[in-house]
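Protein chains in written order, with the numbering used here: chain A, 11 to 287; chain B, 342 to 663; chain C, 617 to 888.
In this text, a Cβ means the ideal position worked out from N, Cα and C, and glycines have one as well.
If you're wondering where the values come from, they're calculated on a predicted model, not measured in any experiment.
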Amino acid sequence: MQGVQEGLNVRKKMILLLAFSSGFLLVILFLSFWLSNDNLRLSSAKNLAPNLEHLFGTDWLGRDMFTRTIKGLRLSLALGAFTSLLSVIIATLMGVCAATFGRTVDAVISWLIDLFIGMPHLVFMVLICFIAGGGVYGIVLGISLTHWTALARLVRSEVLQIKNVEYIQISKSYGKSAWFIARKHILPFIFPQLMIGFLLMFPHVILHEAALTFLGFGLSPQTPAVGIILSEAMSHISTGKWWLVVFPGVLLVGVIKSFDSIGEKLRILMEPSSANE
Amino acid sequence: MTKSIVFRFIRVITLLIGLSILTFSLIHLSPMDPVNAYIGGDSSASPEQIEKFKAYWGVNKSPVEQYFTWAGALLQGNFGTSLLYRSPVLDIIQSRFLTSLALMGVAWVLSGVIGYLLGTVAAMNRGKTIDKIIKWYSYTLVSTPIFWMGLILLIVFAVWLKWFPVGLAVPAGVLESDVRFIDRIHHFVLPVLTLSILGGSNIAMHTREKMIDILNTEFIVFAKARGESSWQIFKNHGVRNSIHPAISLQFAYFGELFGGSMLAEQVFAYPGLGSTLTTAGLNGDLPLMVGIILISSLFVFTGNLIADLLNKIVDPRVKGAM
Amino acid sequence: MSNVQTKPLLQVDHLSIGFSQYVKGTQKRIIHPIADMHVEINEGEIVAVVGASGSGKSLLAHAVLGILPSNAIFSGKMLYRGEELTPARMEKLRGREISFIPQSVNYLDPLMRVGRQVQIGLDPRTARAQQEKLFLQYGLQKNDGRLFPFELSGGMLRRVLFATSVREGVRLVIADEPTPGIHPQALSEILRQLKQFAEDGAGVMLITHDIISALEIADRVAVIKDGATVEISEASAFEGNGERLKTEYTQRLWRALPQNDFDLEFKREAVR
Numbered sequence: 011m012q013g014v015q016e017g018l019n020v021r022k023k024m025i026l027l028l029a030f031s032s033g034f035l036l037v038i039l040f041l042s043f044w045l046s047n048d049n050l051r052l053s054s055a056k057n058l059a060p061n062l063e064h065l066f067g068t069d070w071l072g073r074d075m076f077t078r079t080i081k082g083l084r085l086s087l088a089l090g091a092f093t094s095l096l097s098v099i100i101a102t103l104m105g106v107c108a109a110t111f112g113r114t115v116d117a118v119i120s121w122l123i124d125l126f127i128g129m130p131h132l133v134f135m136v137l138i139c140f141i142a143g144g145g146v147y148g149i150v151l152g153i154s155l156t157h158w159t160a161l162a163r164l165v166r167s168e169v170l171q172i173k174n175v176e177y178i179q180i181s182k183s184y185g186k187s188a189w190f191i192a193r194k195h196i197l198p199f200i201f202p203q204l205m206i207g208f209l210l211m212f213p214h215v216i217l218h219e220a221a222l223t224f225l226g227f228g229l230s231p232q233t234p235a236v237g238i239i240l241s242e243a244m245s246h247i248s249t250g251k252w253w254l255v256v257f258p259g260v261l262l263v264g265v266i267k268s269f270d271s272i273g274e275k276l277r278i279l280m281e282p283s284s285a286n287e
Numbered sequence: 342m343t344k345s346i347v348f349r350f351i352r353v354i355t356l357l358i359g360l361s362i363l364t365f366s367l368i369h370l371s372p373m374d375p376v377n378a379y380i381g382g383d384s385s386a387s388p389e390q391i392e393k394f395k396a397y398w399g400v401n402k403s404p405v406e407q408y409f410t411w412a413g414a415l416l417q418g419n420f421g422t423s424l425l426y427r428s429p430v431l432d433i434i435q436s437r438f439l440t441s442l443a444l445m446g447v448a449w450v451l452s453g454v455i456g457y458l459l460g461t462v463a464a465m466n467r468g469k470t471i472d473k474i475i476k477w478y479s480y481t482l483v484s485t486p487i488f489w490m491g492l493i494l495l496i497v498f499a500v501w502l503k504w505f506p507v508g509l510a511v512p513a514g515v516l517e518s519d520v521r522f523i524d525r526i527h528h529f530v531l532p533v534l535t536l537s538i539l540g541g542s543n544i545a546m547h548t549r550e551k552m553i554d555i556l557n558t559e560f561i562v563f564a565k566a567r568g569e570s571s572w573q574i575f576k577n578h579g580v581r582n583s584i585h586p587a588i589s590l591q592f593a594y595f596g597e598l599f600g601g602s603m604l605a606e607q608v609f610a611y612p613g614l615g616s617t618l619t620t621a622g623l624n625g626d627l628p629l630m631v632g633i634i635l636i637s638s639l640f641v642f643t644g645n646l647i648a649d650l651l652n653k654i655v656d657p658r659v660k661g662a663m
Numbered sequence: 617m618s619n620v621q622t623k624p625l626l627q628v629d630h631l632s633i634g635f636s637q638y639v640k641g642t643q644k645r646i647i648h649p650i651a652d653m654h655v656e657i658n659e660g661e662i663v664a665v666v667g668a669s670g671s672g673k674s675l676l677a678h679a680v681l682g683i684l685p686s687n688a689i690f691s692g693k694m695l696y697r698g699e700e701l702t703p704a705r706m707e708k709l710r711g712r713e714i715s716f717i718p719q720s721v722n723y724l725d726p727l728m729r730v731g732r733q734v735q736i737g738l739d740p741r742t743a744r745a746q747q748e749k750l751f752l753q754y755g756l757q758k759n760d761g762r763l764f765p766f767e768l769s770g771g772m773l774r775r776v777l778f779a780t781s782v783r784e785g786v787r788l789v790i791a792d793e794p795t796p797g798i799h800p801q802a803l804s805e806i807l808r809q810l811k812q813f814a815e816d817g818a819g820v821m822l823i824t825h826d827i828i829s830a831l832e833i834a835d836r837v838a839v840i841k842d843g844a845t846v847e848i849s850e851a852s853a854f855e856g857n858g859e860r861l862k863t864e865y866t867q868r869l870w871r872a873l874p875q876n877d878f879d880l881e882f883k884r885e886a887v888r
């Protein structure tokens, strides 16, 4: 009975981990602006194994791998943010429409969700990337078109739930417009869900972005994207240059895991049932 | 019961039609004309080939007519001709299908078994060290790009330990008929391992959650009150209540599996459908790409349908209700 | 009161059970559904534990069986046959010497045939025959054993639950609300079965909020309020205006019962 107040309780631990994950992401973001592009110039310091000067070693052109990786991650983060935002917008529109415009619209949207859940995602992203004719658009479009489904379902059920709540009915009977109700009552209600949906989408988006660029779709080979770095490194591993593969990947996993843990922990903290450990 | 099954079949068929319309519209809406895309991929295309291509897509008709021409051709098994390989798309798909199926099939079974066991062990020992290890392991692997995992395995087992070759499903420069079974296995192990490790962690996480839900139910409390040991509880109630969801989850996993095999095949230069799709996409071989997309979608939708039906049929409660 | 020479079978003293809960942000507090509970049961005796819903009666049963949720904080003393009831001992005893009849039919595995559920814990060689005998005894058909819980009515499931509690060598039966929502005939059948356990020499803890039916078979009654024992009295003290009851709470509880507006015996006869 005594031990309860001692040490860190689960919630405090969670908040600590949240802070740690966010800190890690911020450090990467900061470094990506701070590190000079000069490190990416070709130099004579080729194929160096990791050392104090080049933490992640250098590649076959003498570029500093640490700088390349961090800049690549910045691209992943930017793409991830933009694409997740797009997905959240699609999901919100779809979810709200399904919940408000009657049964036919609901059925059509639920059919669409089944369609987009059912198709093999990576395969369609490849098609969309090809059709968009290369460049970053293909990636953004491909990923955001395939990732909205789960969140849309969530938004739909949340809106359905709140739609019939008393205060909204009262608001309606006072003649408030649909837009007013949506803005004042519904959006604030689903906003936390959207926020967490956004964060939890990040890891998937970054994973898919890396996969696409690794396969060679979307970005030009000069772009410092993590997928491209790893794809190039692939042709150098038979000569034993393991650091080209290991370090960029570890950092990528770290970033993905951080987002995952931030989203997941926030979700748990916000659930009322988490009050009883 | 039969009504609900028929209804589900019809839904899957409408979804497949929807998918073909989506694919068609994507190609049609894109700024690039399929014919240009086709020629753009390879300037050596002969005028006859271009004509054949135009006829296949029905280029001179309205979009709706074009769709029906195209869909009609698909239904007759005419998926067009691959530019890259200069042979019918369906032949290429057939020749790659078994190689892919072997890879995905083995990985599918392995990841299911490994994942179920890990998830169960973690849930049964919730909060203990073994649970923490499995949880950490699964969460980390779920955040791991499959191709990076493949590269790491390649470095460790092929480059450092030299246990396995660095690529290709068969040794280079050897005739297909001369390839020994052991060689095939040799080139098969690492891609399978990559897919199984990652797939397994996914299944483990889901199984763990499901199993924890089951262990929190009243009938487990009662089983405990009746003096059943942990092992008996698992044997009598855990398996029974978790195996159906686990298996249907496994079937719903086909989509991820195909995406994963694309990446694993690329890393290990394994000549399956996935790497063929990547090659087709990078070289603008639109007919081949569309063919593989449709076939893989059919594969994934079938998996989803099976998952769905399993949910409905196997559970005695639902079975009785229908 | 039974005229057998009685020995204390189960003694529960100063039992308290708490759960920690987050109030706000990272602040925790501990709530105590059970604060100070006493119960004593002798061999061959039926003790009714009576209280309103939410008074912590079920937790008492779970505490004795050692099946409280893992986040429960537990203190107090429990003796079984004179020795301390440790978690290890509970594990050994439950399902063998202590059997439990849960309050809801959700305590049956929804995916296991009911016959098989009754067979769990029986000697595998004779389990089937024993189960069939029990089904016969509880008025269930032989074929019912092949059915899943959702295929049986609530009353039948109650009887299945009873059948799971009958074991060779059971000394203590804990029945957690076995009577709610059951029609009068089935009710008297259940009470008769509980009585049978006691006549066979087992102690019975009957947890219920239905004082009237509990009094039909109970030797003593423990009244619970807000997780604490208010009083323990002989069942015979619950009569007339309750002059022989020790506390005012119990007296008022007794008088408030609708049955006591009329002559108790008359009312009972009328119901039957």
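Expected contact under 8 angstroms - CB spacing of residue i and residue j to nearest Å
i: residue 129 of chain A; j: residue 153 of chain A; result: So it is not a contact: roughly 14 angstroms between Cβ atoms.
i: residue 628 of chain C; j: residue 694 of chain C; result: 5 angstroms
i: residue 722 of chain C; j: residue 559 of chain B; result: 5 angstroms
i: residue 208 of chain A; j: residue 94 of chain A; result: 5 angstroms
i: residue 461 of chain B; j: residue 552 of chain B; result: 6 angstroms
Buried versus exposed call for residue i [16 or more other C-beta atoms within 10 Å across all chains shown]
i: residue 463 of chain B; result: buried
i: residue 510 of chain B; result: Legend: pLDDT at residue 510 of chain B = 45, less than 50; position of this residue unreliable, value from coordinates given subsequently. So residue 510 of chain B counts as buried.
i: residue 231 of chain A; result: exposed
i: residue 535 of chain B; result: buried
i: residue 177 of chain A; result: exposed
i: residue 528 of chain B; result: buried
i: residue 823 of chain C; result: buried
i: residue 675 of chain C; result: buried
i: residue 444 of chain B; result: buried
i: residue 533 of chain B; result: buried
i: residue 756 of chain C; result: buried
Length of the line joining the Cα atoms of residue i and residue j
i: residue 420 of chain B; j: residue 571 of chain B; result: 55 angstroms
i: residue 878 of chain C; j: residue 773 of chain C; result: With a pLDDT of 48 at residue 878 of chain C, under the threshold of 50, the modelled position of that residue is not reliable, and the figure given next carries that caveat. Roughly 35 angstroms separates the two Cα atoms.
i: residue 146 of chain A; j: residue 228 of chain A; result: 6 angstroms
i: residue 222 of chain A; j: residue 141 of chain A; result: 14 angstroms
i: residue 643 of chain B; j: residue 753 of chain C; result: 50 angstroms
i: residue 388 of chain B; j: residue 361 of chain B; result: 28 angstroms
i: residue 277 of chain A; j: residue 189 of chain A; result: 28 angstroms
i: residue 498 of chain B; j: residue 504 of chain B; result: 6 angstroms
i: residue 661 of chain C; j: residue 794 of chain C; result: 17 angstroms
i: residue 598 of chain B; j: residue 447 of chain B; result: 11 angstroms
i: residue 666 of chain C; j: residue 103 of chain A; result: 55 angstroms
i: residue 629 of chain B; j: residue 123 of chain A; result: 26 angstroms
i: residue 84 of chain A; j: residue 39 of chain A; result: 6 angstroms
i: residue 539 of chain B; j: residue 491 of chain B; result: 10 angstroms
i: residue 740 of chain C; j: residue 457 of chain B; result: 29 angstroms
i: residue 635 of chain C; j: residue 686 of chain C; result: 10 angstroms
i: residue 237 of chain A; j: residue 454 of chain B; result: 30 angstroms
i: residue 139 of chain A; j: residue 126 of chain A; result: 17 angstroms
Which of the residues in the stretch 859-873 of chain C, read from start to end, lie with their CB under 7 angstroms from any CB of chain B? Flagged: no residues at all.
Mind listing which residues of the stretch 716-750 of chain C have their C-beta closer than 7 angstroms to chain B's C-betas, in chain order? For chain B, the residues of the stretch 716-750 of chain C that bring a beta carbon within less than 7 angstroms of one of its beta carbons are 716, 718, 720, 722, 723, 724, 725, 726, 727, 728, 736 and 737, in chain order.
Positions along the stretch 562-573 of chain B whose CB lies within less than 7 angstroms of some CB in chain C: Answer in chain order: 562, 563, 565, 566, 567, 568 and 569.
At a CB distance below 8 angstroms, what residues from the stretch 135-164 of chain A approach chain B? Give them in sequence order. Residues 136, 137, 138, 139, 140, 141, 142 and 143.
Residues, ordered as in the chain, of the stretch 250-266 of chain A that lie near chain B by beta-carbon distance below 8 angstroms: Listed in sequence order: 250, 252, 255, 256, 259, 262, 263 and 266.
Quick check on the DSSP output: what are the complete beta strand (DSSP E) runs of length 3 or more inside the stretch 655-716 of chain C, in order along the chain? For the stretch 655-716 of chain C, whole beta strand (DSSP E) runs of length 3 or above, ordered along the chain, are 662-666 and 688-696.
Given a limit of 9 angstroms on CB to CB distance, which residues of the stretch 794-820 of chain C reach chain B? Within the stretch 794-820 of chain C, no residue qualifies.
Could you list the residues in the stretch 595-606 of chain B with a C-beta less than 7 angstroms from some C-beta on chain A, going in chain order? The residues in question are 596, 599, 600, 603 and 604.
Jot down the residue ranges of each uninterrupted alpha helix (DSSP H) in the stretch 730-802 of chain C, minimum 4 residues, whole runs only, in chain order. Considered as a whole, the stretch 730-802 of chain C harbours 730-735, 743-753 and 770-781 as its complete alpha helix (DSSP H) runs of no fewer than 4 residues, in chain order.
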